[in-house]
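Asks:
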Amino acid sequence: MNTADETVRLYELRDARSVPDPIHPYSDNFKGVPLVIDNGSYQCRVGWATDQEPRIVFRNCYAKHRKDRGKKIAAETEILVANDIGNIEAVRFQLKSPHDENVVTHFEAQETMLDYTFTHLDINTSRVAHPIIMTEAFCNPNYSRQLMSELLFECYGVESVSYCVDGLLSYHRNNPNTQDGLLINVGHYTTHVVPILDGIADPANSRRTRMGGQHLTRFLWRWLQLRFPQHLNAITLSRAEEILHAHMYIAEDYMNEIVQWGNIDYYEQYVRRIQLPFVAAPVSTVSVEQQRERRKEAARRLVELNARKREEKLQEDEAELTRLVELEEAMEEFTPDEPEYQHALEEAEVPSLSHLTKKISLLNHKIEKTRNKMMQQNTTTEEEEPKPKRVCEAVNPQKQADLEQWVEEVKQQWRDIQARRAARRHKRQEMAKRRTAASQERMRIISQLARREKKDDNFGMRDEDWDVYKAINKEGGGSDSEEENEKLQELESALRQHSPEFLGDSSSSKPTSLAENYQIQLSTEQIRIGELLFQPSMYGLEQGGISATIQYVLGLYDAASQERLVANVFLTGGPSSLPGIKSRIKRELLASRPFQSHFSVNTAKCPVLDPWYGARDSSEELVQVGLTRADYQEHGGDRLIHHKQGNMSWASLTPVAIESAPGSTVPSKETTPAPPDLSSAPSDTNLPSTSS
Amino acid sequence: MVTTEETVEEKEDKKQEKEDKKQEKEDKKPPVFKNPEFQHTAFRSSKKRGWRNLKQIISLERTYSWPDDCVHYSSIDAPPAFTPGKKYSDISGLPANYTDPLTKLRFSDASEFYRVRDLPMDIVNGLLELRKASSIVG
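Chains as they are written, first to last, in full-length UniProt numbering: chain L, 1 to 692; chain P, 1 to 138.
1. Under 8 Å between the Cβ atoms of L514 (chain L) and A280 (chain L)?
2. Where does K375 (chain L) fall in DSSP's three states?
3. State the Cα-Cα distance for the pair Q418 (chain L) and R425 (chain L), rounded to the nearest angstrom.
4. List, in order along the chain, the chain L residues whose C-beta lies closer than 8 Å to that of L105 (chain P)?
5. Interface residues of chain L around E61 (chain P) at Cβ under 8 Å?
6. Check each residue of the region 574-585 of chain L: if its Cβ is closer than 8 Å to any Cβ of chain P, include it; give the result in chain order.
7. Do you know how far the Cα of K86 (chain P) is from the Cα of T112 (chain L)?
8. Counting only Cβ pairs nearer than 8 Å, list the residues of chain P close to C155 (chain L).
9. For the beta strand (DSSP E) that contains E12 (chain L), what are its first and last residues?
10. Are the CB atoms of L554 (chain L) and L541 (chain L) nearer to each other than 8 Å?
11. With a 10 Å radius around its C-beta and 16 neighbouring C-beta atoms as the bar for buried, classify T41 (chain P) as buried or exposed.
12. Across which residues does DSSP place S160 (chain L) in a beta bridge pair?
13. Tell me whether the beta-carbon of F459 (chain L) lies closer than 8 Å to the beta-carbon of D465 (chain L).
14. In whole angstroms, what is the alpha-carbon distance linking V91 (chain L) and D15 (chain L)?
15. If you check the beta carbons only, do P131 (chain L) and P277 (chain L) fall under 8 Å apart?
16. Can you find a CB in chain P that lies within less than 8 Å of the CB of E409 (chain L)?
17. Tell whether a beta-carbon distance below 8 Å holds between R528 (chain L) and G93 (chain P).
18. Using Cβ-Cβ distances below 8 Å, what residues of the region 530-557 of chain L are close to chain P?
19. By alpha-carbon positions, which one of L:R173, L:D122 and L:L197 ends up nearest to S561 (chain L)?
20. Would you verify that the beta carbon of N53 (chain P) is, or is not, closer than 8 Å to some beta carbon of chain L?
21. On the three-state DSSP scale, how would you describe Y88 (chain P)?
22. Can you list the alpha helix (DSSP H) stretches of 4 or more residues lying completely in the region 223-259 of chain L, in chain order?
23. Run through chain P and tell me which residues come within less than 8 Å of R587 (chain L), C-beta to C-beta.
24. Straight-line CA distance for A567 (chain L) to H598 (chain L)?
25. So, helix, strand or coil for D118 (chain P), using DSSP?
26. In this structure, what does DSSP give as the bridge partners for H65 (chain L)?
27. Within 10 angstroms of its Cβ, does V288 (chain L) collect 16 or more other Cβ (buried), or is it exposed?
28. In this structure, does DSSP put E136 (chain L) in helix, strand or coil?
29. Let me make sure I understand the geometry here. Which of L:A82, L:G187 and L:N39 has the alpha-carbon closest to that of R17 (chain L)?
30. Is the separation between the beta-carbon of E136 (chain L) and that of R210 (chain L) shorter than 8 Å?
31. Closest Cβ-Cβ distance between H106 (chain L) and chain P: below 8 Å?
32. So T236 (chain L) and G212 (chain L) are supposed to be a Cβ contact under 8 Å. How far apart are they, rounded?
33. Quick check on the DSSP output: the alpha helix (DSSP H) that includes residue 693 (chain L) runs from which residue to which?
34. For L32 (chain L), is the classification buried or exposed, using 16 other Cβ atoms within 10 angstroms of its Cβ as the cut-off for buried?
35. At a CB-CB cut-off below 7 Å, which residues of chain P make contact with T209 (chain L)?
Structural data, given as structure tokens:
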């Protein structure tokens, strides 16, 4: 049963990769159709106003990737945009985004992203002749809006642009008939609490905290890395994001739940294990038996080879012998004076007959010897197994009788090492404090070293002199050395074999398989990460959490308006899809609202895509209130007509010279939308629009 | 004759290569829908300062005078929390009643204390960094 439970709660990582977007063919049917761009700081979603779903959804970032680094030729930079980035972790440090928090600030990056967008919509005309509906941050600075208009009108030549706020779009899509409500928009970088009365958002009483999905992901990522330092590189931001989406939830009663996690049974019941990918060590598939077989086979082959060689040699020798014997017999027939005799000697390569007989006897002897050897070989073909090598002599008992004594010795050695380690650790702690004997001794030595006069200084002549630096080392002189660690492991493995009870629990809790070494356990993290939204102090952020901000915003209204607002608390934005967030906010409201008052909490149908749907549904009205080219040329890029889904805009009272405002330098519509010399316009004066 | 033919072929190859390169260059040309002469007015290349970040934009906004009812990006920043943050153990997330004076890490019970003391310096710093408590001043 237990194992079955464990397999249920072991989760794999998907490590999804982005798929490059196709190029959607452009046709005349799209002429004049508004283009809806939800330009979020996390994702950008783009589609025509006639589409059912956004055509392109991509991470709003790109990476400049240097192709051949290190080569002498000017390195070609390759720009990977959005979904072209297959593995985002490979280019994590080169990522660039147009956004700073939730506001677009880097317009060159924005240009890259828009290029990507329009290219994938296959726009083949000399300008983007469409009205654009684009989202922007709530209370977006005029400066940012101005530059966005400049980019859209002058670089792409769009027809008009309508700015709206993502959260408000989502609100009005989900609440077409409810005029009052409190919008809570949890974004990637920020969380907004926006009161809406009579369908109109009240920016003056809205508040924003700098806490969003991005912070949750980063916190989880860093925390897991610190919690499991051995998997530092395996825990990536994208994996943290995946874990966040799959396993995190928001506790309804955080304090109560977190205390429960301290209970070991609760932990065992609810802990989730994530299996990190790992490469199995190259385990040879051959068994020990097979290995032995193979070794035997090789040995046999070697023996055979030797035998064959020996046999060949033997045959050669025998042939030689018969030749020599024949020669000898022939020589006996002749006298030494005869030429045949001399001839025979030459043939046998010997100076005299006696030498020849000697040679024959030697050869005989040799043949005899070889034959004997071969006989022996045949009788003992079955070689004995080579004795297994002893891994380490020191930690294996020499004899069975000495075992007990030996185990005691090993135990003593183990204790010694542990004691040495503890002493070092203690010293290190002592050193860190100021008023301890250890650190005072250290200071004394240091001052002594400093005082030593130059003249008769023979410091360093003896090797022991240098030990003084070990003594004053803050680490306490020498850390747990590699050698010592190895020894300790050796001893422990020996002890585990011979007296398993000695090491106690430490050996039993050892992971049994390699896969288990690559698992990370999620316990309190499951609720702790989502809790950041409610307790940003856990992240070191001074601002209050969602519920504190709600309370603060409500406090800005009279009781009647408060009632109207809390009657419809509306949650939207990516992280608001964390399970449990709705009941948590209900609970918080119940705690803070007066006794027996009414409120309701609702969530968006699709927290991520609703802004886009909302903009598409009301695209006609939005285009009506958009900033047209004529408006842009007349008033500049930050002038807004206020509508229920958009920001209000204020013009600065600071008078600005008309010549320097970029809007005024734009030429008429007929020409290509290129200002002849825009770069001469001073940049600093872009922010305020000309006040009327 | 043969050699000349070869050279001709080679030349053609080179021509093709050149054309390929040209095509590549054309591919890298700005897309048709863009105005080729467009230049960002706000990019401060001369001062080598690039784009204004959000902080600079906000402070720039402050330097102008605005109508009284105007709401800025910076004016909707949420106030600091009115209640002190609860303290949780840095190593387990459980509610923590104690702080180790040496490492400044929070812990919830004695067993955690020993774990805290055994942590290497980089982990300790990382944990403090996580709740932005690693600065010497704080």
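All C-beta atoms in this analysis are idealised placements derived from N, C-alpha and C, irrespective of residue type, glycine included.
Replies: With the structure as the only source:
1. yes
2. The residue you asked about is not Lys; residue 375 (chain L) is Met in the sequence shown. Of the three classes helix, strand and coil, the one that applies to M375 (chain L) here is helix, per DSSP.
3. 10 Å
4. In chain order: nothing, as chain L lies at least about 11 Å away.
5. P141, N142, Y143 and L687
6. none
7. 44 Å
8. K34, N35 and F38
9. L10 to E12
10. no
11. buried
12. L:P131 and L:T628
13. yes
14. 15 Å
15. no
16. no
17. yes
18. Q535, P536, S537, M538, Y539, G540, L541, E542, Q543, G544, G545, A548, T549 and Y552
19. L:L197
20. yes
21. strand
22. 237-247
23. Within 8 Å Cβ-Cβ: nothing; R587 (chain L) doesn't reach chain P, min ~16 Å.
24. 7 Å
25. helix
26. L:E78
27. exposed
28. strand
29. L:A82
30. no
31. yes
32. No, T236 (chain L) and G212 (chain L) are not in contact; Cβ-Cβ is about 20 Å, not under 8 Å.
33. Lying outside 1 to 692, the shown extent of chain L, residue 693 (chain L) is not represented and no answer is given.
34. Sequence inspection shows Gly at residue 32 (chain L); the Leu mentioned does not correspond to that position. It counts as exposed.
35. A78
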